[in-house]
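Notes to accompany the following structure.
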Amino acid sequence: MKKKMFLAISTVLIVLIAVCLYKANQLTSIQIIKSVKISRPQKEVFDMVRYLNNFPKWSPFIAQDPSLKYEVKGNDGFVGAQYHWNGNKGNDLGYQEIMEVDTFRLVRMKCTIQKPFVAQPTFDYHFTETPDGIEVTQDFRLQSSLVSAFFLWVFGAKAEMEKTNQQGLDLLKKVTEK
32 MKKKMFLAIS
42 TVLIVLIAVC
52 LYKANQLTSI
62 QIIKSVKISR
72 PQKEVFDMVR
82 YLNNFPKWSP
92 FIAQDPSLKY
102 EVKGNDGFVG
112 AQYHWNGNKG
122 NDLGYQEIME
132 VDTFRLVRMK
142 CTIQKPFVAQ
152 PTFDYHFTET
162 PDGIEVTQDF
172 RLQSSLVSAF
182 FLWVFGAKAE
192 MEKTNQQGLD
202 LLKKVTEK
């Protein structure tokens, strides 16, 4: 009887661990693509993203934490410029850096998140002229270890990232069209 109980519990645990590893493995590489159309001139839309001093105007993180402190370092709008942040009473810390600028077409940024977890996602912003305005497409990518991906899965972080990214684009549209 004890042997059957032990085998049953062991089987359930093995299946549970396998499911957790499978789900976590799906989050070792995350890509989130969101877009928004903005009815303003291309230069105005592009500059709102390119110049890091504009980011506080449409940052979803400042909308979520108005006490967040930030500082722009380097030659704003050009490769190497950085936007440093410290928020949530010191529990959110990091910076994003412009890695590439292709005028009116692309702004590529790399984030270095130091708190509350360590990560280095990238953001590519693509700008496309359409009959309805400028379409801004944000391509977010994050690579994680299996352990980090497990916690991303447990806490439903991908869904939260998707909401935050969309919130940022919605704020970009609102501020730029004002």
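In our numbering, the protein residues as written are 32 to 209. Glycine included, every Cβ here is placed at the ideal spot set by N, Cα and C. Please read these numbers as outputs of a predicted model, since none were measured by experiment.
Skipping 5 residues on each side, what residues in its chain have a beta carbon closer than 6 Å to that of residue i?
i: residue 151; result: 143
i: residue 103; result: 83, 84 and 114
i: residue 195; result: 91
i: residue 76; result: 69, 165 and 207
i: residue 163; result: 68
Given a cut-off of 8 Å, decide if residue j and residue i are closer than it, judged by their beta-carbon atoms.
i: residue 80; j: residue 167; result: yes
i: residue 207; j: residue 69; result: yes
i: residue 157; j: residue 136; result: yes
i: residue 113; j: residue 105; result: yes
i: residue 129; j: residue 73; result: no
i: residue 153; j: residue 139; result: yes
i: residue 61; j: residue 189; result: yes
i: residue 116; j: residue 123; result: yes
i: residue 177; j: residue 59; result: yes
Can you name, in chain order, every residue of its own chain whose Cβ lies under 7 Å from the Cβ of residue i, other than the five neighbours on each side?
i: residue 87; result: 93 and 101
i: residue 204; result: 67 and 69
i: residue 131; result: 110, 137 and 139
i: residue 119; result: 96
i: residue 155; result: 137, 139 and 170
Let's see if you can read the secondary structure: which residues bound the beta strand (DSSP E) around residue i?
i: residue 109; result: From DSSP, residue 109 is part of no beta strand (DSSP E); its letter is neither H nor E.
i: residue 172; result: 164-174
i: residue 82; result: Where residue 82 is concerned, there is no enclosing beta strand (DSSP E), given that its DSSP letter is neither H nor E.
Could you tell me the boundaries of the alpha helix (DSSP H) in which residue i lies?
i: residue 65; result: Not the alpha helix (DSSP H): residue 65 falls in the beta strand (DSSP E), residues 60-69.
i: residue 194; result: 188-208
i: residue 120; result: Premise fails: residue 120 is in no alpha helix (DSSP H) and is neither H nor E.
i: residue 91; result: 91-95
Going by the C-beta, is residue i closer than 7 Å to any heavy atom of the ligand MG?
i: residue 147; result: Here there are no bound small molecules, and the ligand MG is not part of this structure.
Measure the beta-carbon distance from residue i to residue j and round it to whole angstroms, keeping in mind my assumption that it falls under 8 Å.
i: residue 198; j: residue 66; result: Actually they do not touch by this definition, with Cβ atoms about 14 Å apart.
i: residue 127; j: residue 141; result: 7 Å
Suppose the cutoff is 8 Å on Cβ atoms and the five residues either side in sequence are ignored; what does the same chain contact list for residue i look like?
i: residue 121; result: 146
i: residue 134; result: 77
i: residue 71; result: 164, 165, 207 and 208
**Prompt:** Residue ranges of each beta strand (DSSP E) run of no fewer than 3 residues wholly in the stretch 132-160, ordered along the chain?
**Reply:** 137-146
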